[in-house]
Amino acid sequence: MSGHNKWSTIKHKKGAADAKRGKVFTKIIKEITVAAKLGGGDPNGNPRLRSAVDKAKAENMPKDNIERAIKKGTGELEGVNYEEIVYEGYGPGGVAVLVECMTDNRNRTVGDVRSTFTKCNGNMGETGCVSWMFDKKGLIVVSKDADFEKLFEVALEAGAEDVADEEEQYEVLTDPSSFMEVREALEKAGFAHESAEITMIPQTMVKLDGKNAENMLKLMDRLEDNDDVQNVYANFDISMEEMEKLM
C-alpha cells in the first residue's frame, strides 16, 4: 500500500477530513474550475470534470457551488485564473515528495512550499528530481466486505491492470485512460468504492520510523493545509501502529 493511501486512511479514521471540510471544498472548487476551463463544462464529455464533480458530491458539496465553479471555468461567470504547478523535493529520510498546486500567485506558493519543506527537515529540488519515481494511475479503493474474486474478475474484464489485497482495503489499479470505464463497470456490478481518483503511485517505498516518521507526517499535514496545494504524493512507508501513535 502506498504511503499516501495509509496517510489518507488514518486521517479519515481520526476525523481530520471533517474538521477541514472548508479546505476540502476550496480545493475541489479549484479543481472543478480548472477542469471546466480546460475540457469544457459538460461532465459527460470531460472525464477530469466528472471525477471532480463526483468528489464534490461525495463531500456533500451543495449543487449551487458545483454549478458556479463550472461556470467560472467556462467563463460564464467571472473567476480567478489558476495556474497548475508541480513542485518536487525530498522529505525526511530521503522520501520523494510531489506537490501539485493550483495558484493565482506563483511567488507566494513557491515561497510557502519551500518554507514548509525546510521547517520539516526536507528540501525542495529541481523539476524532475523525483517525478520519475511515480507512475500516474487510476486508483479505486473498495472495502474488504466485497467478494475479492468477483471484484478481481469484473475489474480485469473492464480493463484494470491489477487488483491488490492490502491491509485495510482492496485496491484496483488502472491506466488513467481506462479509469472511468473500470469504475463504471465496478459500480454496475454493485461494488461501492471508498475512493476513486487519478493519483501518483510510487515505484519504491522508503521505510520511516521515530523522528523521521514524525517529521514526515508534519510535512504532509502542513503541505495539505496550504490552500494552494491540491495533492501531495510521497513514497514513505510508516507502520499503522507508528502512524496512530504520532497523530
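Everything in the sequence shown is counted per my numbering, starting at 915 for the first residue and increasing by one.
All C-beta atoms in this analysis are idealised placements derived from N, C-alpha and C, irrespective of residue type, glycine included.
Within the DSSP secondary-structure output, Asp1076 pairs in a beta bridge with Leu1087.
With respect to the 8 Å criterion, Tyr996 and Thr947 are classified as neighbours on the basis of their beta carbons. For the set Ile1115, Gly1104, Cys1043, Asp1089, the Cα lying nearest the Cα of Phe1062 is the one of Gly1104. Contact check for Phe1066 against Val1056 fails: the beta carbons are separated by 8 Å or more. Nearest C-alpha to Phe939 among Ala972, Lys920, Ala949: Ala972. When the beta-carbon positions are compared, Leu1053 and Glu1111 come within less than 8 Å of each other. Residue state for Met1161 is assigned as coil, using DSSP reduced to three classes.
In this structure, Asn1129 sits near Pro1006, with a CB-CB distance shorter than 8 Å.
Taking Asn1035 as the centre and dropping the five residues before and after it, the same chain places the C-beta of Pro1006, Asn1129 closer than 7 Å to its C-beta, in chain order. The continuous beta strand (DSSP E) containing Ile1115 extends over residues 1107-1116. In this structure, Gln1117 sits near Phe1048, with a CB-CB distance shorter than 8 Å. In this structure, Lys1050 and Met1114 form a Cβ contact; the two beta carbons are roughly 6 Å apart against a cut-off of 8 Å. Out of Val1096, Gly993, Thr1088, the CA that lies nearest to the CA of Val1068 is found in Val1096. When beta bridges are read from the DSSP output, Tyr1001 appears opposite Val1013.
Taking Thr1017 as the centre and dropping the five residues before and after it, the same chain places the C-beta of Tyr996, Glu997, Ile999, Thr1023, Asp1142 closer than 7 Å to its C-beta, in chain order. By the neighbour-count criterion, in which 16 or more other beta carbons inside 10 Å mark a residue as buried, Asn1149 falls on the buried side. The C-beta separation of Gly989 from Ala949 comes to about 14 Å, leaving the pair out of contact by the 8 Å criterion. Pairing Val967 with Leu1012 gives a Cβ-Cβ distance that is not under 8 Å. If you compare the alpha carbons of Lys977, Asn974, Ile943, Asp978 with that of Arg962, the shortest gap goes to Ile943.
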